[in-house]
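Below is one structure, written out as structure tokens; comments come after it.
Protein chains in written order, with our numbering: chain A, 12 to 450; chain B, 42 to 520.
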């Protein structure tokens, strides 16, 4: 049978074991309210994984076998900790997991050829831009203590910005592929380089606009960072002109400076970041997460032993905190490594992909995961000013989970088209590949 | 393209490296500092509804106990005497941390201290809840007396046993009811906490231990000690009404005509200009040295539980010698003042003030005892005896005649700082063989005139002293 699927199954079983073990250990601890009613949800989650696995066997048999288990492990840990912190919302979280899996299956079955995406870049780009700026225009639920802007539709919170970024990633991938085809030295050779073509500034200007809008109108540094990271890395991979990059960085720096000079909320957040000890508005979230992390120490308090009720937003923006507190520095490193592994596999796929579009899309999605996780963890560790960014797959933030699953399918789809990787190197992928023109 | 992809990969490796590094700092390298941070209420929040030992007074009354209740949380922390011990015992709450002994001795109460948890070898293998009880040196009857005397006033009163340094009574007013904060009704508890926080009279503040106020003429006892040590007790200050310090800071005046004379007559007349001249004669280095030996300057304020980590408030004598001699700018807490006079009462031997005497297992076995601890011999016995004599004269026919108690010779001082709106009074009783030292601070009382304010604080102090001495003349000091 197919090796990738066997690897996937084995790792999925491991992820299931870790998830169940975490829940069980937390449940026997004193003062944790996990009852038998959590069992159906847990079984349901594992069933969803099994269905996804079978679907992958059916519709993408040769896709990479590491991607899904990593996401499943993160999702499982997130679910376990959500059960331990807030058992009452298990049904809601499970509902979102179900929706995410449905999205996963739909795209997996429906989008058999990624070239389809290349046919309608204008629509995708427009959608993406709209999703991204809608929250800035219709702010329905503005600024909880550490919240990002979300739509409250009764019990359902929607954060469409993530989906917007995903659409923009697809759009940029299409656009940059076409652009490279027309313009870059790798395609035309040094002599015919079209450095004078002003259209090369188009992606830079739009990227700058998107980042600036997010900073100035949404005050969301994490989201801005994600947009910025995704855009810069895709553009750098596709174009790679040092001069243009410098100009771009200066422009973004200017936007940030202007925003900090004029917007009180950003200044508040920044002040809370510099000195959280005496900041009443945003300080408590940061200081408490620091104290909780320190309380966890090297080995952690064990699942169920931490102070998750006391840390604000412990299931969403600060989802990393209870995990690192209760599983300790070791557990925290494991989470970080999972994301790093995800980034590594994604970039490996990007280098190995046959078509440029695949390659750029893989880069974009990988950086989308990587930078989102980075921003969410950096806020909890006081490396970034406090803003709301959800940890991909882990955080109890439904629409983000759906978006991440959609992105994951695209990545799986790309991996299917990647040339055969020998058994020996599939866990540690090789980096050399047949030269494809240029340097 | 591959090369640039690698560059992107390396960039991500670097920023993830930052995260690893930062996580290591927060969770491992810097974790101890964060755990001991004064704002860190994680520990106490975690143990809020866990088993918890009780706090008892020296005479067996319960300050705080955990009782079983039939609600979602199985245990409730109760404070049977409500506000009476609000600043000694403190409180513990689900969301707002804790204070007092509940916080500082949390590891003992919650049984996290190894000495409490592992009492014999079997405990290494059986994990069961072990909690420690705490016995404090405060006596319930004395605490009641102190509160009754201070009723209606903003300020603090400390009753201390000079021989052992045990605090027998400690009241800081206004107090608060810790039962409201430890309630399981979290919204009500948080509302109450918010009200207490925003109250201008600061009921949450333990004034006796944490509120420094200018000492004013109380400091002249230190000046007198320095003068005696420098053999200047016979030094006669020429009669004067106003003195301009050498560094041209504000003029020091005496209200009722001219005054002067030797140390004793300066003390008896409350002669500020005279003390200032004497202070210049002694010199600032010597004054500083003596006040450091007595624990007033050069270190942080003395605390019952040791200084909190991460907070350094070093008091300094940095005014001119003339102003230093009359206590301008030097702040002390009521506990520090009591401690200072207890040192004088105890023959110059400075005892660490303490409130926790014993940690007991839940079956009553003594696990740990905190014995009286001599910090140092600050001044000689002879100097201390002379100072007590001065204080006794001060009460019998000096500025502190309001403090006199019939049938007993006591020593003491009264000091008013009208600019800062507070008054002090201290008593050593009896002065020949001291049993207790009582220090009282009153803040922003309605001071219509100096006389009334001074008489007020003296009356309160006298009332506490009389009642405490009447309780049991045999064994007030306990230990």
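Yeah, the Cβ is synthetic: ideal placement off N, Cα and C, and Gly gets one too.
This structure is a prediction, so every number in the text was calculated from the model and none was measured.
Beta-carbon spacing of residue i, residue j below 7 Å
i: residue 417 (chain B); j: residue 391 (chain B); result: yes
i: residue 233 (chain A); j: residue 335 (chain A); result: no
i: residue 382 (chain B); j: residue 477 (chain B); result: no
i: residue 250 (chain B); j: residue 398 (chain B); result: no
i: residue 361 (chain B); j: residue 288 (chain B); result: yes
i: residue 435 (chain B); j: residue 441 (chain B); result: yes
i: residue 252 (chain B); j: residue 374 (chain B); result: yes
i: residue 26 (chain A); j: residue 84 (chain A); result: yes
i: residue 218 (chain A); j: residue 182 (chain A); result: no
i: residue 53 (chain B); j: residue 344 (chain A); result: no
i: residue 298 (chain B); j: residue 368 (chain B); result: no
i: residue 366 (chain B); j: residue 264 (chain B); result: yes
i: residue 281 (chain A); j: residue 300 (chain A); result: no
i: residue 270 (chain A); j: residue 226 (chain A); result: yes
i: residue 83 (chain B); j: residue 306 (chain A); result: yes
i: residue 313 (chain A); j: residue 95 (chain A); result: no
i: residue 305 (chain B); j: residue 284 (chain B); result: no
Cβ-Cβ separation, residue j to residue i (assumed contact under 8 Å), whole Å
i: residue 135 (chain A); j: residue 178 (chain A); result: 5 Å
i: residue 184 (chain B); j: residue 125 (chain B); result: 6 Å
i: residue 116 (chain B); j: residue 90 (chain B); result: 6 Å
i: residue 137 (chain B); j: residue 222 (chain B); result: 6 Å
i: residue 141 (chain B); j: residue 152 (chain B); result: 19 Å between Cβ atoms; not a contact.
i: residue 87 (chain A); j: residue 36 (chain A); result: About 14 Å; that fails the 8 Å criterion.
i: residue 341 (chain A); j: residue 310 (chain A); result: 6 Å
i: residue 129 (chain B); j: residue 396 (chain B); result: 7 Å
i: residue 425 (chain A); j: residue 360 (chain A); result: 6 Å
i: residue 388 (chain A); j: residue 60 (chain B); result: 6 Å
i: residue 35 (chain B); j: residue 196 (chain B); result: The requested residue 35 (chain B) is not part of the displayed model; chain B covers only 42 to 520.
i: residue 429 (chain A); j: residue 324 (chain A); result: The Cβ separation is near 38 Å, so there is no contact.
Bridge partners - residue i, DSSP secondary structure assignment
i: residue 446 (chain B); result: B:449
i: residue 463 (chain B); result: B:458 and B:484
i: residue 176 (chain B); result: B:97 and B:399
i: residue 392 (chain B); result: B:415
i: residue 212 (chain B); result: B:198
i: residue 373 (chain B); result: B:254
i: residue 261 (chain B); result: Answer is none; residue 261 (chain B) lacks a bridge partner.
i: residue 207 (chain B); result: B:395
i: residue 409 (chain B); result: B:400
Buried versus exposed, by CB contacts within 10 Å (16 or more), residue i
i: residue 326 (chain B); result: exposed
i: residue 245 (chain A); result: buried
i: residue 380 (chain B); result: buried
i: residue 511 (chain B); result: exposed
i: residue 112 (chain B); result: exposed
i: residue 485 (chain B); result: exposed
i: residue 69 (chain A); result: exposed
i: residue 326 (chain A); result: buried
i: residue 288 (chain A); result: exposed
i: residue 186 (chain A); result: buried
i: residue 109 (chain B); result: exposed
i: residue 293 (chain A); result: buried
i: residue 352 (chain A); result: exposed
i: residue 31 (chain B); result: Because chain B here runs from 42 to 520, residue 31 (chain B) falls outside it and cannot be looked at.
i: residue 105 (chain B); result: buried
i: residue 145 (chain B); result: buried
i: residue 191 (chain B); result: buried
i: residue 141 (chain A); result: exposed
i: residue 215 (chain B); result: buried
i: residue 275 (chain B); result: exposed
i: residue 212 (chain A); result: exposed
i: residue 47 (chain A); result: exposed
Chain-ordered neighbours of residue i on chain D, where CB pairs are closer than 7 Å
i: residue 63 (chain B); result: Considering every chain present, this structure includes no chain D. Its protein chains are A and B.
For this session: Give, in chain order, every unbroken run of the beta strand (DSSP E) that is at least 3 residues long and sits entirely within the segment 45 to 117 of chain B.
Result: You should have 103 to 109.
Problem set entry | Whole beta strand (DSSP E) elements within the segment 297 to 372 of chain A, 3-residue minimum | none
For this session: Could you tell me which uninterrupted beta strand (DSSP E) segments, each at least 3 residues in length, are contained entirely in the segment 222 to 261 of chain A, listed from first to last along the chain?
Result: none
Exercise. What are the complete alpha helix (DSSP H) segments, minimum 4 residues, inside the segment 272 to 321 of chain B?
Worked result: Whole alpha helix (DSSP H) segments, 4+ residues: 304 to 310.
Exercise. Enumerated in chain order, which unbroken segments of the alpha helix (DSSP H) with a length of 4 residues or greater are wholly contained in the segment 101 to 149 of chain A?
Worked result: Correct list: 101 to 121 and 132 to 148.
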